[in-house]
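The next block holds one structure in the form of structure tokens; read it before the comments.
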Amino acid sequence: MNNEYNHKLIEEKWQQYWAKHKIYKVTEDPDKPKYYVLDMFPYPSGAGLHVGHPLGYIASDIYSRYKRLMGFNVLHPMGFDAFGLPAEQYAIQTGQHPAVTTEQNINRYREQLDKMGFSYDWDREVRTSDPAYYKWTQWIFIQLFNAWFNPVTEKAEPIDTLIKTFETIGFNGSDDKILTGGMEFNYPPFTAEQWQKFIEPTQQKILLGFRLAYLSEAYVNWCAALGTVLSNDEVKDGVSERGGYPVERKLMNQWSLRITAFANRLLSGLNTIDWSESIKESQRNWIGKSQGASVCFKVQDQLFSIEVFTTRPDTIFGVSFLAIAPEHEMLEQLVDSEHQQDVMEYVDAAKNRSERERMADVKRITGEFTGAYALHPFTGKEIEIWVADYVLGGYGTGAVMGVPAHDSRDHSFALHFSLPVLPVIDNGSNHDYTQSSYDAKEGNCIHSGFLNGLGIKKAIKKVIAEMELRKIGKGKINFRLRDAIFGRQRYWGEPIPVYYKDNIPYVVNENELPVILPVIDTFLPTESGEPPLGRAQNWKYQEKYDYELSTMPGWAGSSWYFLRYMDPGNKETFVSKEAVNYWQQVDLYLGGSEHATGHLLYLRFWTKFLYDLGLIPHEEPAKKLINQGMIQGISMIVRVIPLTDISGENVFYMIPSDSVDRYDAVMEGIHYPINYVEFKEGKHWITEKTIEKTNAAYPGFANYKIADPTTFVNTKFDYLKDGLQRNKVEVEATVEKMSKRWYNVVNPDEIIEQYGADTLRLYEMFLGPLEQSKPWNTQGIEGVQRFLKKLWRLFFDSNGNLHIKAVEPTNAELKTLHKTIKKVAEDIENFSFNTSVSTFMICVNELTELKCNNYTILKELLIVLSPYVPHITEELWQLLEEKESITKSGYPQFNAAYLIEVSFSYPVSINGKHRTNIEFSLSATEEEVVKKVMSDEVVQKWLDGVEPKKTIFVKGKIVNIVI
RNA sequence: GCUCGGGUGGUGGAACUGGUAGACACGCAGGACUUAAAAUCCUGUAUCCUUUAAAGAUGUGCGGGUUCAAGUCCCGCCCCGAGUACCA
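Numbering follows the working numbering, in which position 85 of the first sequence is assigned residue number 230; successive positions increment by one, without gaps.
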């Protein structure tokens, strides 16, 4: 090794060393405190990693390395969320088995991750698509199937306890809170004797209504283009999150998980964990707890009533209509013959509208009178019942009481259909009800019978009490959260370990797991519309029963993977008691905020479930969670003019972006590959040189040419020619998501090739606060690289020989070092990695200035630096003749004694404005300081003979004189 | 609409608990070394006024307020980003 910093040699050398000596292998060690740092499970896409992905990995790696230096036994694993839609879509297009492409993608990811010098214990790698892994995903599904949620204990329990209850006391109906919490299906009550006489299919059907994994007919998000059902969090803006295909509502028989049973605990648990406020808020909104009342409105001339949910029972005297959802089950019985046709037409139209149309159309108010009337529960007044699609079938009871005076949606509806508006809350001002509703929860009840004069809070209490007394309603809590649809009509996922006997689903025996994903010839649905698994030949349970054909969703495997890392090879159980009791839960979880309501909610749900069964010691998966920001791409936009050139070929001539401003012409802007744009003089350029390279890499750009001053002569664009330069064109830069289609993806491999992994790691941290999103620009990476070179030079003399002296360090050196030790430790604890990079720079600048070549100082500095730049520090560490890896050293002890200052240059302000600085001993008293300050020339000038009104002295901070 | 972030030089960003705004870096300008380039090093760099300097004025999205002192605290607005959306 010579005196030049050669990142390629060093990084390769140490990556091999670490791998060979299994430096990052961890085992349960009861003598050391444990710490578990986890990165969110990556899905290995075909595109590989771009520069944005490692941001969180780098941060967690720094943190892990730091914790190790602090004496913790750190679990820091990595693996792959390997099942999923993209691989299957790719398989359909190319015929390649998803297992093959997934394997390739994983290898590519692994290679890229290895190059960045991460300290993962790869012996603990897990892959969700590995049968040895998904065996346990299936096993957990079986536990969910064999469990129900006991609302009394608020815990998941084995289904046996429910069966026992049925056998001994029967079932009192869904109003029986003790048994159901009002969450399950509307089964008619039965006695213990009746239960015992039910035939097995009947018993099984009933039990299915209570199991945490259950099969039911439900409206689902059907995505025809993907050929599968999607859960709510997989649908964004009415289209599929992956691919952006339309989604419609469809009634289907579906496997679901009863996450709603845990709604309350998922909500309250948020208060016990240190997660970013925005994630917690998203989860709160997603769970959507609202407190109110359910009220029964008797239907005139009918035996049944309609139940509505409201959060404003205090406005019950303001009800002027009822509105029910098009899907409402009572609708058919309500409609009279006169309105039959109109209503049915309306319902058909509403049902067929896709989610997207419905959303786009929020402002269009539609509805239809059913011809039926309800009776007001207190006044007995007749109230029209309408069907309207602003009422959602899936929320509450699918019916609302319309109070146009105090609810803006009811107000628009009433206005549109000329229904009466009845104000019942008075806030003292003259609200104009013809314009809008008064929604605020402030004021007193009026025109409200026994509620008159009461404030809103009191009125709500009183009216609920009254309703309960008269048995027409009760206080109720509603959740927005829906049960999670669990089946996917796709191939590349875990088979659901279920078979059917007499149309009743049964789970396979645990000792028969895993149910292996069978081989099929093509990955499309069958001709009869069954999922792809319908193509599997001779795929029967015990050679006679049909297997379930849908597979699990992408989030199944990722809902418990953090546990498997603790004990990845275990063949007896999903995680051993010893392992989970040692590692407990994740201490620090790092990942993107896009998983706020999907993965992170399911992860918490499964954790709570496993906890209830006594299988793990914690009901929250991760103590602390940090969201790293997104790294955006910088897109190069160049204006082009299509023209036919002399040879008759169609050519796109690129012109400078400011031509648009100069000539007020509108021209098409296209995305140009960022890798082939030159950055010079603070501007982005496409030149003759870069254009050649572009054409080699992207044949699609072959016809793009630089417009030079002669290009447009004698064309209608003649006027542009003056603004053009020879052989180059300036490009406009804008910030966008990093994506292949915008040609703005930056690959970490290229950065590593050019600058090295240490520079990449340091630079990603230097870009700014971890949690903030920021665009990737390579300007500035040079500075970080220069820093590493400067660090390197500290160790060598001008001839390139190692030049280190093992003598007593000077006070100045010690001060610089200890300042750094302190600041960096604080920064890491606060996840403020960007500021510690500056601190390192300052430290090395100062040591360079001091011409420091002190052994002790440099050695300790290397340790402090090593979590950020593990390769270069390991190399220099070895040059200091250390035998063991720097990762096995310990974080240096901070000594405050070195930082003690004797004097301080006090800023002196006049009326709060800084005017001068005067140096004082830190032991100087106020009296001494003020006396000296007053005699100062500058101060004298400002005082101009005036006696100061007041002087402020803050020791070690400031002197302020008020005149 | 609601919720959560954020707004500081040409750029990324720093500023502990209210106490010298702009650390550190990029970029830019000038210089040294070199035949030259690369690399490295040095100097300057918020804005305005001023020939320059000294000195001064202005300055952390806008308008008020609290304070000896406000980027930081309080009140009212504006803008940008993210999430969410007929949830009764």
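Virtual Cβ for every residue (Gly too), placed ideally from N, Cα, C.
Distance between Ala-1042 and Trp-937 (C-alpha atoms, nearest Å): If you draw a straight line from the Cα of Trp-937 to the Cα of Ala-1042, it comes to about 28 Å.
DSSP three-state assignment for Trp-367, whether helix, strand or coil: Three-state result, Trp-367: strand.
Coil, strand or helix - Val-182 by DSSP: Val-182: strand per DSSP, three-state reduction.
Residue environment, Ala-164, which counts as buried when at least 16 other CB atoms sit within 10 Å: Exposed, by the Cβ-count rule.
Exposed unless 16 or more other CB atoms sit within 10 angstroms - verdict on Lys-621: Sixteen is the threshold: when 16 or more other Cβ atoms of the shown chains lie within 10 Å of the Cβ of Lys-621, as they do, the residue is buried.
Asp-942 burial status per 10 Å Cβ neighbour count (16 or more: buried): Exposed is the label assigned to Asp-942, since fewer than 16 other Cβ atoms lie within 10 Å of its Cβ.
Complete beta strand (DSSP E) runs within the segment 252 to 310 (minimum length 3 residues, chain order): Counting whole runs of 3 or more residues, the segment 252 to 310 contains the beta strand (DSSP E) stretches 292 to 295 and 300 to 303.
Euclidean distance between Cα positions of Phe-228 and Met-697: Distance between the alpha carbons of Phe-228 and Met-697 is about 9 Å.
DSSP bridge partner residues for His-1059 (one or two, in chain order): DSSP output for His-1059 lists Ser-1054 as bridge partner(s).
Inter-residue Cα distance where the pair is Arg-995 and Tyr-817: The sequence given here has Leu at residue 995, not Arg. Those two C-alpha atoms are separated by around 47 Å.
Exposure label - Lys-561; buried when at least 16 CB within 10 Å: A small correction: the amino acid at residue 561 is His; Lys does not occupy that position in the sequence shown. So His-561 counts as exposed.
Contacts around Ser-450, its chain only, beta-carbon distance under 8 Å, and the 5 residues preceding and following it disregarded: Closer than 8 Å at Cβ, skipping near neighbours: Cys-441, Phe-442, Lys-443, Val-444 and Ala-519.
For Thr-515: DSSP bridge partner residues: For Thr-515, which the question treats as bridged, DSSP gives no partner whatsoever.
Contacts around Tyr-686, its chain only, beta-carbon distance under 7 Å, and the 5 residues preceding and following it disregarded: Excluding sequence neighbours, Tyr-686 sits near Tyr-644, Val-653 and Tyr-692.
Collapsed DSSP secondary structure at Val-1047 in the structure displayed: Assignment of Val-1047 by DSSP, reduced to helix, strand and coil, places it in the coil class.
Bridge-paired residues (DSSP) for Tyr-169: Secondary-structure assignment with DSSP links Tyr-169 through no beta bridge to anything.
Asn-859 versus Asp-853: straight-line alpha-carbon distance, rounded: Note on geometry: alpha-carbon atoms of Asn-859 and Asp-853 lie some 14 Å from one another.
Within the segment 689 to 730, ranges of the beta strand (DSSP E) (whole runs, at least 3 residues): Whole beta strand (DSSP E) segments, 3+ residues: 690 to 692.
Residue interval of the alpha helix (DSSP H) (run including Asn-979): Counting along the chain, the alpha helix (DSSP H) containing Asn-979 begins and ends at 978 to 994.
Residue of Glu-1071, Gly-1101 and Lys-1102 minimising C-alpha distance to Lys-1095: Checked all of Glu-1071, Gly-1101 and Lys-1102; the closest Cα to Lys-1095 is Glu-1071.
Cβ-based burial, Leu-678 [other Cβ within 10 Å; buried from 16]: Around the beta-carbon of Leu-678, 16 or more other beta-carbon atoms lie within 10 Å, marking it buried.
Length-filtered (3 minimum) beta strand (DSSP E) runs lying within the segment 629 to 672: Complete beta strand (DSSP E) runs here, min 3: 643 to 646 and 649 to 652.
Beta-carbon proximity check, Lys-753 vs Leu-402, cutoff 9 Å: Going by C-beta atoms, Lys-753 is not nearer than 9 Å to Leu-402.
Span of the beta strand (DSSP E) around Tyr-798: Here the beta strand (DSSP E) through Tyr-798 covers 795 to 800.
Test item: CB-CB of Leu-694 and Pro-676 under 9 Å: Contact: yes.
Presumed contact (8 Å Cβ cut-off) between Phe-911 and Val-989, rounded CB distance: Incorrect: roughly 14 Å between the Cβ atoms, too far for contact.
Selection from Trp-281, Lys-177, Tyr-265 and Ala-363 that minimises the alpha carbon distance to Ala-701: It is Trp-281.
Contact under 9 Å by Cβ, Tyr-734 with Pro-766: Using a Cβ distance threshold of 9 Å, Tyr-734 and Pro-766 count as a contacting pair.
Simplified DSSP state of Tyr-583, which is helix, strand or coil: Residue state, collapsed to three classes: coil.
Alpha-carbon spacing of Thr-455 relative to Leu-230, whole angstroms: Between Thr-455 and Leu-230, the C-alpha separation is close to 40 Å.
Buried or exposed by the 16-neighbour rule on C-beta atoms within 10 Å, applied to Lys-873: Lys-873 is classed as buried because its beta carbon has at least 16 other beta carbons within 10 Å across all chains shown.
Closest by C-alpha distance to Arg-387, when choosing among Arg-749, Cys-368 and Leu-396: Taking each of Arg-749, Cys-368 and Leu-396 in turn and checking the Cα distance to Arg-387, the smallest one comes out for Cys-368.
Beta-ladder partner(s) of Thr-879, from DSSP: Note: Thr-879 sits in a beta bridge opposite Ser-780.
Sequence ranges, beta strand (DSSP E) only - wholly within the segment 821 to 905, length at least 3: Runs of the beta strand (DSSP E) lying entirely within the segment 821 to 905, each at least 3 residues long, are 823 to 825, 828 to 832, 849 to 851 and 873 to 881 in chain order.
For Ala-164: DSSP bridge partner residues: DSSP lists no beta-bridge partner residue for Ala-164.
Spatial neighbours of Asp-584 in its chain, beta-carbon cut-off 8 Å, leaving aside the 5 residues before and after: Hits under 8 Å: His-551, Asp-552 and Ser-553.
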